[in-house]
Structures are given as structure tokens and as C-alpha cells.
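So the structure is just underneath, and the comments pick up after that.
Residue numbers (this note's numbering): 23 to 605.
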């Protein structure tokens, strides 16, 4: 059985609170052989050939930076490895012409690495120190679809355009007008046409540094597609986008695939991944240690396999429990104690006006909030939180509120342990363990990734003593499993504590999995917004989906919500009956 030893060197504290404990406790070292030694950087190096897999060093390591992993026998040769005792990637997703191929998996298991190899930004090394040539890649994949792919790349028959994950870097590295930036890459002479399709035509004369995250995402997608290529690769194209924009971008990306063009996408929004792709690869492994790309599967079947957590063909169980969805939306008939009510609220913010007619929030409710960007959702939440004051109307609120803002800035060098003092003392089981924060406790806030920072902010919000918890876009930067874990945590805590949560988000599956009621915001972005509800889930979703001109159904196997293909028999039937949300 192949075995890998992974050391996360940035975590290692040898010489600073650790006296080479891993080497001192290693039974192979104690027998006189050199299994664990110190490298030139004063960090441990593990000889995987001598390692017996006893598991002592990971348990005794005070920083938790060592992982010893026994792999399935078929995973003997990695495609790429980041140095000795570094992260290993096994297998690759392969583009298919005429299809949109999706990649589904957790953060930190090599999805972006796989995309960069396909895009030619990283040349794989097969676990060694030397980069492989295309001839070696072709030989390695002999007899597979990958062989044909790399042969075509080597001959120049496949031209690749890649949209990276971190679109926020565009504003930091590029200056000038959006139009000028896109003109530089417009190899098809279709700038105006594609800008209109992606609804960025009105911001072409804006400076890049002044556009929003959602606009940056669509600019990055436009820049990718304007290149004359026949393989387009998109890393998380729905980030920063509201649900309307996600649907529009999904249709746009689907439309790129034809007999002479292939598309590959990494996406964490399951409903959008389902809507956008024809086939998917599942990726599994251990965060920061290794990742494995499964064989290709039809999208519907592949997502259901992912939710089940078991790959039958590979005989691999990569999650202890299946992720399940209730067969029907929740129905709340009882009315508990009223916590907050509002009537005739108005708030004028320069050129934008928010109106909230009338509504109430009751004890032990979880209310999802849906609507486009720039339509007043965050403004409304800030009014409930007491950060903003309404210009008109009545707000009856005599309760404690805990608020997690939409944008989280981590300029502090404080340790996570200090920020989450209450959580660590009171809510290890409820928050720290399920949010996987234990390994972050001794990190500084300004060292955290977007997803890590999000989980810390969620824990901080939920650990405060309050009657109403307000969470603005808690799914941002989280992978599929983290999103569903957060939804489960919020639901269980509100029920167990008898508390109430109001949650703004753009991931429909996340909102569906979490909510008992729904608020819907309508209007014209950046000009006027109307807050409607709270409604029952069925009434609220019908109202929201009508505006999107979509209908949804439950998957028969997993009960997960799915968008009906526009114009399909089910879509027509549900629209005729006025039941756009599954029942």
C-alpha cells in the first residue's frame, strides 16, 4: 500500500516551542535509522520509504503539521507534487469537446492545481523534482483520453484561455478603463457583444479599481472568452455574483461548448454546477495533503454520488455520512413570540431608496433572504442590526442582535483563539469542531484565507449571546461541504437554543437547505429596492423564481433542489400550474 508523509511547513514550530519531537519519538529513528531528519530550513523531512506508518509523529506533533496517509494501491504515481513531503495530486480531469465538464470537491484538495496543469501554467513533475515534458505526459497517459488531449496541446491544436479564481487581484494589478483592459485581449473583435451578454456594457468606461466584486468576476469571464481559444477554463465563475447573474453566466458558459470547443469549470454552488455542466469529475482527498480526481460521470449522477460520499466504481468512501435533504419544504403553522416588526420603513442612501412595507420576525425562525446585488438586502440587515437608522417608518425591536457583515476585513494580527475566546470556552462541540476551526486557533487573523476567515466570522457571530442572529452571505468562499455544514449548524443551534436567524445568501441550495421562511427583495439595482415578506418557503420561492423565469424540482434520488431545463416538459407543467417551487 503506497504511503505519503505530508508536512505543512508553515505550521511547524521546531525550535520555537518544539524540540524536534517528531524525530525524537519516531520508532525508526530510535532503532538507529534516519526516517525523520532536519532539513536546511530546520524543518523536519520524512523519508517515506523508511516510514512504517505508526502514526506516532502526527499525534505527538504540537503544531499538528504532520499527516501520514495510507493511499489506495492504485495511487502509486502522483501527477504532481509540491516538493518532498508536500501536497500530491493524483489523476487529472480531461476536457471533452462539445461538453462543459465540471469539477466538484472540497477546498484545498488540488482543484486549482489541476486546472493550472490543464492550462499549461504548471508542468507536472510526477512526484519528482524535474518538470515533465509533453512527450513524457503523453507517454504517461498512453491509451487514455488524456493522451489525445496532451498530443493536441503539444501540436498547438488546442489553444487555452483560463479565468483564475482570485478575480479581486485584477483591481490590484491593473489600472485604467475596463474597456481598455478588455481591448488588449479581444482577439475575436467581439468586445461590445460579449460585454452586453455579461451585462458589463454600462461599466466599460469605469476605472478597473472602482468596480465591484461581481463586476470584476464578469470582467474576468469576458477577458477569458474574448481570447481566441478552443478550451476555456473557469475557476469558480459564480463567486461575488447574485443568483440572476449566476443564471446568466451559466447560460453564457454553456453556450461556449460546441464540436470544436471544450469548457472546464470548478464551481461550489451545486445548483449552478448542475445547471451549467454536462459531466463532472469528483475530487476527494485530505485538505492540504493530497487530492484524487475521479473518473468522469454524468452531472446528475455525479452530484448524487458526491452527496452520498461513496464512489462505487473506485470503492472509496470519502465521507462518513451522506448529505441529505428533506423531501418537502418546511411548513410553520405555529406563531411564537414576536421579536421584531417593521412598518413603512424607508431608507435613502444617495441615489438608492429602500422600502420595507410591513413584516415580523418571530422566535425560533430561520429566514432566508434572496435578491439581486445592490437591491438593499445588506441595508435592511444593517437597519435591523442598529448600524443604520431608517429615515421613515416604525421598527419595533427590543432584543439583542448579533451581526456578521458581508465583507470581512482582517487587518488585525490577533490570534483566532483570542477572537473566539467565548466559542472555545463554551461551544467546542457546537461550533469549533463542525466548522473545523481547531487548526486555525493559533493563526493570526491576517494570515487566514477567505474561507477560513468566513468560518471564524460565523463562529464569532453565533457564539455571542443574542436573540436574533443576522448573517450576510455566510456561504461566500466556502466549498460545498462547508456550506451545507454551516447550514446544518445554524439550523440546529436556532432550534436547540430557541433563537432566530435571518440569513442573506445567493446560493439557492444553501438557502433552501437552511430556511423555514423567505424574504424576497425586488426592484432595480442601485436605484430602488422593496423588501417583501417574510413568506412561507413555497410562496417566497414562487415569487422569486417567477422573476427569474425559472422553475425547480426535487431530484428523485437525493431530494436536492434542481433547476428545470427551460422549456422542458416539467418546466412547462410547473409554470402552467403556477407552482415554480417543488412541492
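Quick reminder that beta carbons are idealized off the backbone N, C-alpha and C, glycines included.
Is DSSP giving residue 518 helix, strand or coil here?
Three-state DSSP puts residue 518 in a helix.
Alpha carbon to alpha carbon, how far is residue 572 from residue 394? Give it in angstroms, no decimals.
Each residue's Cα considered, the two are about 15 Å apart.
Give the straight-line distance between the Cα atoms of residue 522 and residue 397, rounded to the nearest whole angstrom.
Distance between the alpha carbons of residue 522 and residue 397: 24 Å.
Quick one: grab the DSSP three-state call for residue 370.
Residue state, collapsed to three classes: strand.
Report yes if the CB atom of residue 346 is closer than 7 Å to the CB atom of residue 333, and no otherwise.
In this structure, residue 333 does not lie closer than 7 Å to residue 346 by Cβ.
Take residue 282 as the anchor and find which of 290, 302, 254, 267 has the nearest alpha-carbon.
The shortest C-alpha separation from residue 282 is found at 254.
Are residue 494 and residue 361 close, meaning C-beta to C-beta below 7 Å?
No, these two residues do not count as a Cβ contact at 7 Å.
Quick check on residue 528: does DSSP put it in helix, strand or coil?
Looking at residue 528 - three-state DSSP - the assignment turns out to be coil, as it is neither helix nor strand.
Quick one, are the C-beta atoms of residue 555 and residue 545 less than 7 Å apart?
Cβ distance not < 7 Å, so residue 555 and residue 545 don't count as in contact.
Less than 7 Å between C-beta atoms, sequence neighbours within five positions excluded: which residues of the same chain meet that for residue 280?
Within the same chain, residue 280 has close Cβ partners 120.
Are the region 435-454 and the region 385-392 touching by the rule of at least three beta carbon pairs closer than 8 Å?
The region 435-454 is not in contact with the region 385-392.
So, does the CB of residue 270 fall closer than 7 Å to a CB anywhere in chain C?
Within the model displayed, chain C is absent; a lone protein chain is all it includes.
Can you check whether the CB of residue 30 is closer than 7 Å to the CB of residue 473?
Taking 7 Å as the Cβ cut-off, residue 473 and residue 30 do not qualify as a contacting pair.
Determine the direct distance from the alpha carbon of residue 559 to that of residue 426, and round the result to whole angstroms.
Approximately 23 Å between the Cα atoms of the pair.
Distance, Cα to Cα, residue 471 vs residue 272?
Whole-angstrom Cα-Cα distance: 26 Å.
Taking three-plus beta-carbon pairs below 8 Å as touching, is the region 375-382 in contact with the region 242-260?
Taking 8 Å as the limit for Cβ pairs, the verdict is that the region 242-260 does not touch the region 375-382.
Exposed or buried, which one is residue 431 when buried takes at least 16 other CB atoms within 10 Å?
Classification for residue 431: exposed.
Give me, in chain order, the residues of the same chain whose beta-carbon lies closer than 6 Å to that of residue 189; leave out the 5 immediate sequence neighbours on both sides.
Result list for residue 189: 238, 239, 242, in chain order.
Please state the DSSP three-state secondary structure of residue 494.
If DSSP states are grouped into helix, strand and coil, residue 494 belongs with the strands.
Here's a check: name, in chain order, each residue in its chain whose Cβ is nearer than 6 Å to the Cβ of residue 417, leaving out the five neighbours to either side.
Cβ within range, chain order: 364.
Alpha carbons only, please: which of 515, 285, 499 is nearest the one belonging to residue 529?
Closest by alpha carbon: 499.
Have a look at residue 73 and residue 479 and give me their C-alpha separation to the nearest angstrom.
Taking the straight line from one Cα to the other gives about 39 Å.
Identify the residues that DSSP records as bridge partners of residue 378: which are they?
Beta-bridge pairing links residue 378 to 367, 553.
Given a cut-off of 7 Å on the beta-carbon distance, is the pair residue 47 and residue 26 in contact?
Cβ distance not < 7 Å, so residue 47 and residue 26 don't count as in contact.
The beta strand (DSSP E) spanning residue 425 covers which residue range?
Its beta strand (DSSP E) spans residues 423-426.
Cα separation between residue 580 and residue 62?
Their Cα atoms are separated by approximately 52 Å.
If you reduce the DSSP assignment to three classes, tell me which class residue 176 lands in.
Three-state result, residue 176: helix.
What runs of the beta strand (DSSP E), each 3 residues or longer, lie entirely inside the region 145-211?
Taking only runs of at least 3 residues, the beta strand (DSSP E) segments lying wholly in the region 145-211 are 182-185.
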